[in-house]
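Undergrad:
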């Protein structure tokens, strides 16, 4: 298995629509000045968070159950930044839509800017032939409210190429999150 470079990422985005919209460089400024960077890096792609959030709330005093998830446990919010309550979390999605090739596995890691503030970004691997917007989970591990900025970098995707093509891809098995758009809640 090998990690793919910036040159490979640019080619795959251009020729195969692997990432849309795509930023071929590293963006560090926006309309209001300095931002958390996004776009191609040396060996990865820094994704942006869209402005659609689902903020976890405990107002219904329900049990969090992945087999019977209560969507009323979230408050929908749309805006330029999201404030996550202390010791809580929020869901969001990437601005970018991904189409993963059959011989590629993508690992996502949070950006250090957020990690150093006690904000953890969690995403499961993007499997071969998965496509969609990536649902992002932001955990605020601090005892204080934490802010996430929309349309700025939040996590880095690393592309790993296998020595051989997988026998069964995510598309082949009809994965339940295939083609997701928007913030997607747990499914069983």
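Residue numbers (our numbering): 118 to 305.
Where is the CB? At the ideal position from N, CA and C, for every residue including glycine.
If you're wondering where the values come from, they're calculated on a predicted model, not measured in any experiment.
Classify residue 184 as buried or exposed, calling it buried when 16 or more other Cβ atoms lie within 10 Å of its own Cβ.
TA: Answer is exposed; the Cβ neighbour count stays below 16.
Undergrad: Rank 304, 284, 251 by C-alpha distance to the C-alpha of residue 170 and give the top, closest one.
TA: Of the listed residues, the one whose Cα sits closest to residue 170 is 251.
Undergrad: When the distance is taken between beta carbons, is residue 267 closer than 8 Å to residue 226?
TA: No.
Undergrad: Using the three-state DSSP reduction, which class does residue 246 fall into: helix, strand or coil?
TA: Three-state result, residue 246: coil.
Undergrad: Which of the three DSSP states, helix, strand or coil, is assigned to residue 280?
TA: It is coil, neither helix nor strand.
Undergrad: If you pair each beta-carbon of the segment 242-250 with each one of the segment 189-202, do three or more pairs fall below 8 Å?
TA: Verdict: no, contact absent.
Undergrad: What first and last residue would you give for the beta strand (DSSP E) that runs through residue 169?
TA: Looking at the DSSP string, the run of the beta strand (DSSP E) that includes residue 169 is 169-173.
Undergrad: Since residue 164 and residue 241 are thought to touch, with beta carbons under 8 Å apart, how far apart are those beta carbons, to the nearest angstrom?
TA: That pair is no contact at about 14 Å.
Undergrad: What residues match up with residue 275 in a beta bridge as DSSP calls it?
TA: Answer is 224.
Undergrad: Residue 179 by DSSP, collapsed to three states: which one?
TA: The answer is coil: DSSP assigns residue 179 none of H, G, I, E or B.
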